[in-house]
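*Asks:* Position 286, counted from 1, in the sequence shown is what numbering that gives the first Met the number 0 calls 285; the numbers after and before it change by one each time, with no gaps.
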Amino acid sequence: MAGILKLNAISPLADPIFAGYEYGDNIKDPMGIMVRSANMADYPAGENLLAVARAGAGTNNIPVAEYAKKGIVVFNTPGANANAVKELVICELFLGGRKITEAIDWVKSLKGEGENVGKLVEKGKGKFAGHEIYGKTLGVIGLGAIGIMVANAAKALGMRVLGADPFLSTHNALMLDPAVEVVAGNDEIYRRADFITVHVPLTPQTKGMLNRQTLDACRDGVVIINNSRGELADTAAVKEALESGKLSRYITDFPTADLIGVDGAICLPHLGASTPEAEDNCAVMAANQLKDYIENGNITNSVNYPAVSAAREGTARICICHMNRANMIAQFAAAISAKGINIANMTDKAKGDYAYGIIDIENEADDGLVRELEEIEGVIRVRVV
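Written out as structure tokens, the structure reads:
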């Protein structure tokens, strides 16, 4: 059986999932890839590569659009690391309200003071007074898996919570604490929130969303937490807002050279999902999705192809990556029927420019049928599983 390549260290909990496969970090021409942070922009994807599974939510390190054109399915693991990120955000809420990091640094400076430490602490602690988060208003931008957990946890801590997400699903809405107020858009959050936490993907629309205009719309002294992507913020605008007092804290998991050492900026080294529990969860979820696609053609949590899954029926299963165009399904059915083969089940869904179909048939699929399907204009990849 062809191999599965690891481009990063992956939790060993994924190992038994790939029992029977050649699985490791030195696999040539793999059919599947497990990856965390490795940059795949220049990775030479071979013709045998069927799918890439990212053990995490973000896929900025993978050329998703180019892979879609080649019929390479890219998976991610939304929600697998959500609890780890949620816990870090809750920690950052406290860091935003209290001058904890400055206080820790100051206490370190008392090394060597001996018996005077106690007196110095009582004398100097007033410089680090902060405020509680209880009763304050938190705005959550992005109500996906992480945003929902943050919103619910903050509500349990006694905060008033606002949430905004134009793509809020029914499932996610039902997961929200009923006391969380879902508002029409981000402007409402900028206007009303004492704390803001951002949980959105980096897209052309969200890049630089924290800029001079949006920061000016915020309440004076607001605390902003950005654990999603550094590029969501205009760093120059953030620094200006910190200097003017518009921002009292900017806390981010994505440090930049311009932010390090700036008063009011708390920079963490991308710790959001850096727990063994999150790494285990992501690895297991990614491995199961990759294996299910390779062996059964089922797609769950893909960022470039639609979610399509079906229980097996019939004798053989044909999986087709294709462009989202009119009359494609009819052409597939006609090609199969022309061979005198009955279709036991067919499902086909679209996502943007691309679509994916699973067709279970009651006979074996010979090479001739596969070639005919491949020759249909708009078909990207055909395989039998």
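The beta-carbon is built from N, C-alpha and C at its ideal position, and this holds for glycine as well. Computed from a prediction, not measured in an experiment: that's the story for all the values here.
Cβ atoms of Y355 and V307: under 8 Å apart, would you say?
*Replies:* Yes, the Cβ-Cβ distance between V307 and Y355 is below 8 Å.
*Asks:* Tell me the DSSP secondary structure of D365 in three-state form.
*Replies:* Coil at D365, not helix or strand.
*Asks:* Mind listing, in chain order, the continuous beta strand (DSSP E) runs of no fewer than 3 residues lying wholly within the stretch 197-245?
*Replies:* Whole beta strand (DSSP E) segments, 3+ residues: 221-225.
*Asks:* Evaluate R53 with the Cβ neighbour count: other Cβ atoms within 10 Å of its Cβ, from every protein chain shown; 16 or more gives buried, anything less gives exposed.
*Replies:* It counts as buried.
*Asks:* Since G162 and L142 are thought to touch, with beta carbons under 8 Å apart, how far apart are those beta carbons, to the nearest angstrom?
*Replies:* Yes, they are in contact, since the Cβ atoms of G162 and L142 sit about 5 Å apart, within 8 Å.
*Asks:* Please state whether DSSP places A349 in a helix, a strand or coil.
*Replies:* In this structure, A349 counts as strand in the three-state DSSP scheme.
*Asks:* Measure the alpha-carbon distance for I319 versus V378 and round it to whole angstroms.
*Replies:* So the alpha carbons of these two residues sit roughly 7 Å apart.
*Asks:* Of all the options T136, T100, A50, which has the alpha carbon lying nearest to the alpha carbon of I293?
*Replies:* Ranking T136, T100, A50 by Cα distance to I293 puts A50 first.
*Asks:* Kindly list the residues whose CB is nearer than 8 Å to the CB of T251, restricted to its own chain and excluding five residues on each side of it in sequence; keep chain order.
*Replies:* Contacts found: I224, N225, N226, G229, A232, L258, A264, I265, C266, L267.
*Asks:* Rounded to whole angstroms, what's the CA-CA distance from A385 to A277? Just pull it up for me.
*Replies:* Within the shown structure, residues of the chain are numbered from 0 to 384, placing residue 385 beyond reach of any answer.
*Asks:* With E312 as the anchor, note down where its beta strand (DSSP E) starts and where it stops.
*Replies:* Premise fails: E312 is in no beta strand (DSSP E) and is neither H nor E.
*Asks:* Excluding the 5 residues flanking L175 on each side, which residues of the same chain have their C-beta closer than 8 Å to its C-beta?
*Replies:* L142, I147, A150, N151, G162, V181.
*Asks:* Taking the Cβ atom as the reference point for each residue, do Y22 and D14 lie within a distance shorter than 8 Å?
*Replies:* In this structure, D14 lies closer than 8 Å to Y22 by Cβ.
*Asks:* Please report how far the alpha carbon of N75 lies from the alpha carbon of N303, in whole angstroms.
*Replies:* Answer to the nearest angstrom: the Cα atoms are 10 Å apart.
*Asks:* Would N341 and E361 be called neighbours here (beta carbons separated by less than 8 Å)?
*Replies:* Yes, these two residues count as a Cβ contact at 8 Å.
*Asks:* Looking at the structure shown, is I32 part of a helix, part of a strand, or coil, going by DSSP?
*Replies:* DSSP places I32 in strand when its eight states are reduced to three.
*Asks:* Whose C-alpha, out of L241, T205, T169, T234, is nearest the C-alpha of N219?
*Replies:* Correcting the residue type first, residue 219 is Asp in the shown sequence and not Asn. The option with the nearest alpha carbon to D219 is L241.
*Asks:* If you follow the beta strand (DSSP E) that K107 is in, where does it begin and where does it stop?
*Replies:* Not the beta strand (DSSP E): K107 falls in the alpha helix (DSSP H), residues 99-107.
*Asks:* Does the separation of the CB atoms of A192 and I145 fall below 8 Å?
*Replies:* For A192 and I145, no; Cβs fall outside 8 Å.
*Asks:* Go ahead and pull the three-state DSSP assignment for E294.
*Replies:* Of the three classes helix, strand and coil, the one that applies to E294 here is helix, per DSSP.
*Asks:* Would you kindly work out how many angstroms separate the C-alpha atoms of N47 and M30, rounded to a whole number?
*Replies:* Going by the C-alpha atoms only, they are around 5 Å apart.
*Asks:* Among V237, T196, S247, K350, which residue has its Cα nearest to the Cα of G96?
*Replies:* Taking only the C-alpha atoms, the option nearest G96 is S247.
*Asks:* What is the DSSP secondary structure of K5, counted as helix, strand or coil?
*Replies:* Of the three classes helix, strand and coil, the one that applies to K5 here is strand, per DSSP.
*Asks:* To the nearest angstrom, how far is the alpha carbon of N210 from that of G244?
*Replies:* So the alpha carbons of these two residues sit roughly 15 Å apart.
*Asks:* Could you pull out every residue in the same chain whose Cβ sits closer than 7 Å to the Cβ of V384, ignoring the five residues on either side in sequence?
*Replies:* Counting only Cβ-Cβ distances below 7 Å, and skipping sequence neighbours, we find E294, N295, G296, R316, C318.
*Asks:* Using 8 Å for Cβ pairs, my map puts I140 next to I188. What's the rounded Cβ distance?
*Replies:* With a Cβ gap of about 6 Å, I140 and I188 count as contacting.
*Asks:* Relative to the C-alpha of Y20, which residue among A343, N344, I71, A286 is closest?
*Replies:* Among A343, N344, I71, A286, the Cα nearest to that of Y20 is on A286.
*Asks:* So, helix, strand or coil for I89, using DSSP?
*Replies:* Correct three-state label for I89: helix.
*Asks:* Is it buried or exposed, E376, if we count other Cβ atoms within 10 angstroms and call 16 or more buried?
*Replies:* When all chains shown are included, E376 counts as exposed.
*Asks:* Which whole-angstrom value is the C-beta distance of S10 and A282, which I expect to be below 8 Å?
*Replies:* Their Cβ separation, rounded to whole angstroms, is 4 Å, which keeps S10 and A282 in contact under 8 Å.
*Asks:* One question on the structure: do L368 and A329 come within less than 8 Å of each other, judged by their Cβ atoms?
*Replies:* No, they are not a contact pair.
*Asks:* Check each candidate in D365, Q288, V381, G339 and name the one with the smallest Cα separation from I385.
*Replies:* The displayed coordinates of the chain run from 0 to 384. Any statement about residue 385 would go beyond what the structure contains.
*Asks:* Less than 6 Å between C-beta atoms, sequence neighbours within five positions excluded: which residues of the same chain meet that for L137?
*Replies:* Counting only Cβ-Cβ distances below 6 Å, and skipping sequence neighbours, we find A153, M158, V160, F194.
*Asks:* Which whole runs of the alpha helix (DSSP H) in the stretch 132-201 are 4 residues long or more, in chain order?
*Replies:* With a minimum length of 4 residues, the continuous alpha helix (DSSP H) runs that stay inside the stretch 132-201 are 144-155, 169-174, 185-191.
*Asks:* Using a 10 Å radius around the Cβ and a threshold of 16 neighbouring Cβ atoms, would you call Y133 buried or exposed?
*Replies:* Flag for Y133 reads exposed.
*Asks:* When the Cα of E371 is compared with those of E91, M345, V88, F331, which residue comes out closest?
*Replies:* Answer by Cα proximity: F331.
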